[in-house]
Amino acid sequence: MHEMGIAQQLIEIAMDSIPKEMVNPKVEKLNLRIGKLSAIVEHSLTFCFEILSKDTPLENARLDIEFVPVTVRCDSCKHEWEVTGPEFGCPHCADGNVKMLTGREIEITSLELAD
Ligand SMILES: [Zn+2]
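Note that the numbering used here has the sequence shown beginning at 93, numbered continuously upward.
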């Protein structure tokens, strides 16, 4: 279960982005973008987050996860498409020279603080 390490990192990044001058900050919601290839299980991440965020400003924050599809681009013909199966070859020119555009990200897009 690699969600524990990821939850830890997300909490550290979120804590860093809370303005230092805030007194008793409280995060209500954390908006995340997670690539489908990052192999994160949502309920595992939520579970780890709840454990690790205890006694921090992120305690009880809600995780709003947007799953990002896996998209790639063919270097030969510049065709871009969404990968839904194990096949990564270009359907357009059958070239194997394919670059991943999205699908591996794990990032915080924003966090919402309580007033
Ligand atoms: Zn191609």
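Glycine residues also receive a C-beta, built at the ideal position from the N, C-alpha and C atoms. Small disclaimer: the values here were computed from a predicted structure and weren't measured.
| Asked | Found |
| --- | --- |
| Compare the beta carbon distance of L124 and T176 with 8 Å and say whether it is the shorter of the two. | no |
| Can the beta-carbon of K121 be found closer than 8 Å to that of E204? | yes |
| Consider the C-beta atom of C169 and the heavy atoms of ligand 1; say whether any pair is separated by less than 7 Å. | yes |
| For M96, collect the residues of the same chain with a Cβ closer than 6 Å to its Cβ; drop the 5 residues on either side in sequence, then sort them by chain order. | C140 |
| Quick check: what's the CA-CA separation for E179 versus F159? | 20 Å |
| Answer with buried or exposed for G127, where buried requires no fewer than 16 other C-beta atoms within 10 angstroms of its C-beta. | buried |
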